[in-house]
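Protein chains in written order, with UniProt numbering: chain A, 1 to 210; chain B, 1 to 210.
Each residue gets a CB set at the ideal place from its N, CA and C atoms; glycine is no exception.
Being a predicted model, the structure only gives us computed values, none of them experimental.
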DNA sequence: GATATTTCTGCACCTGGTATACATGTAGTC
DNA sequence: GACTACATGTATACCAGGTGCAGAAATATC
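Put into structure tokens, the structure is as follows:
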């Protein structure tokens with residue numbers, strides 16, 4: 001049962017995290033643009049060529065941590081209890097994530113996460129790279145809506161785009177509040193309130209805007 | 001009344017378009033990644049340094065054409081007739097743009113535009129760069145909603161994100177149909193229908209999804 | 001322990017983008 | 001029209017991210 005991954009696989013995993021951690025430490029210390037990949041490779045005791053074997057681009061040294069979340073919305077929709085609307089499942093999941101201080105909600109004030117967000121938001125190249133995850137998340141969510149809700153392709157894509165966009169705004173809003181110095185606990189009520197209003201807006205539409 | 005822009009200014013404008021056109025011609029011929037900026041500079045009879053004085057990055061040689069549209073949604077909202085809801089103004093504007101075959105709707109099948117879109121969608125670096133315009137458009141629209149509709153900041157940002165996201169999906173959908181070979185005229189009815197449904201969804205919300 | 005297969009490395013190389021220092025052309029002034 | 005002031009363009013060298021390649025080192029398999 002306990003299939004050991006094998007020495008080779010374990011070593012690969014260790015090298016990977018060693019590279020990533022060396023990179024992030026340097027980035028947090030001096031800023032993304034002021035650290036060269038050559039330095040990172042040296043710090044991780046690895047050749048530059050090897051670094052690029054693990055991470056296809058410099059930006060990925062940071063944003064690979066968000067890779068799991070790119071399929072999260074789709075998973076939540078697929079795994080929702082029968083009889084639950086996708087929107088309700090996503091709202092419940094987001095509120096729960098706020099409670100857990102899930103970094104993906106922006107509401108986590110541990111220094112490591114906070115500083116990482118600060119760097120991320122201050123570095124256009126990283127924001128651009130995150131945009132790709134956003135696109136992938138949209139596509140995945142649209143598929144999930146197509147399959148499990150009885151949505152036809154276009155409405156599914158539209159709904160997915162709206163949902164992901166809103167999630168992004170909420171996360172950014174929290175991250176900005178925390179990078180401005182607020183604590184996660186202090187921010188939590190406002191974050192909940194904002195999320196509730198956002199999902200209500202999604203459910204009822206923009207018809208009230210005048 | 002006819003204030004001549006001056007020789008200097010005219011020359012600048014000519015160099016600028018010469019560079020951009022040389023670039024796009026080469027890109028369309030061989031693909032974005034297979035053309036180096038050195039080649040473009042040579043083709044435009046300009047030094048590489050000068051090229052970068054006009055366009056800060058290679059991608060901008062293409063996407064600078066979309067720069068105007070980055071403020072379009074905000075302008076539409078600000079210029080709407082009194083008593084009109086922002087959503088209605090934006091819907092009317094989009095439908096009108098479809099009728100005009102505005103390239104920004106994706107519904108323009110002139111070879112130049114079609115090939116440009118094809119290249120754009122096939123080149124991740126360009127899509128990423130367009131993402132910045134999307135972000136800027138969101139921010140601008142949110143401001144406009146804040147000022148002219150009586151929306152508070154967060155709802156305005158949420159609504160703007162949703163609106164821009166939907167616009168993007170509709171445009172992509174049209175562009176994909178056209179790059180697949182359909183003519184703009186043939187696509188037009190479906191494009192209108194899609195837009196109507198999309199704006200209806202925005203207005204009434206996702207509450208129906210189950 | 002021998003061998004096949006990954007993985008890692010060093011090196012040369014390409015390309016996007018910038019710094020510097022200098023040449024050229026344009027605009028206004030006398 | 002010559003003179004100055006300034007904006008613009010050029011050549012060159014340079015840096016950093018990223019790739020191709022050939023071979024060395026480590027791991028897995030027998």
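Residue i: contacting residues in chain A (beta-carbon distance under 7 Å)
| i | result |
| --- | --- |
| residue 157(B) | 169 |
| residue 86(B) | 209 |
| residue 205(B) | 202, 203, 204, 205 |
Which of helix, strand or coil DSSP assigns to residue i
| i | result |
| --- | --- |
| residue 209(A) | coil |
| residue 110(A) | coil |
| residue 8(A) | helix |
| residue 149(B) | coil |
| residue 211(B) | The first residue shown for chain B is 1 and the last is 210, placing residue 211(B) beyond what the model contains. |
| residue 203(A) | helix |
| residue 123(A) | coil |
| residue 1(B) | No answer about residue 1(B) holds up, because its pLDDT of 44 lies below 50 and its placement is not dependable. |
Residue i: contacting residues in chain B (beta-carbon distance under 9 Å)
| i | result |
| --- | --- |
| residue 175(A) | By Cβ distance, chain B contributes nothing, its closest Cβ being about 14 Å from residue 175(A), past 9 Å. |
Proximal residues of chain A, C-beta to C-beta of residue i below 8 Å
| i | result |
| --- | --- |
| residue 128(B) | 128, 129, 131, 132 |
| residue 293(B) | Outside the modelled stretch of chain B, which goes from 1 to 210, sits residue 293(B), for which no answer is possible. |
| residue 194(B) | 154 |
Check whether residue i and residue j have beta carbons under 9 Å apart
| i | j | result |
| --- | --- | --- |
| residue 139(B) | residue 128(A) | no |
| residue 165(A) | residue 162(B) | yes |
| residue 106(A) | residue 188(A) | no |
| residue 115(B) | residue 28(B) | yes |
| residue 151(A) | residue 154(B) | no |
| residue 67(A) | residue 90(A) | no |
| residue 37(B) | residue 120(B) | no |
| residue 87(B) | residue 207(A) | yes |
| residue 171(B) | residue 77(B) | no |
| residue 23(A) | residue 43(A) | yes |
| residue 156(A) | residue 175(A) | no |
Proximal chain A residues relative to residue i, where beta-carbon distance stays under 9 Å
| i | result |
| --- | --- |
| residue 197(B) | 154, 155, 158 |
Partners in chain B for residue i, counting only beta-carbon separations shorter than 7 Å
| i | result |
| --- | --- |
| residue 151(A) | 209 |
Open item on the list: If we require 4 or more residues per run, which alpha helix (DSSP H) segments fall completely within the stretch 30-87 of chain B?
Closed with: 37-43, 48-54, 60-63, 72-78
Open item on the list: Just to confirm the assignment: which complete alpha helix (DSSP H) runs, minimum length 4, are found wholly within the stretch 153-183 of chain A?
Closed with: 153-179
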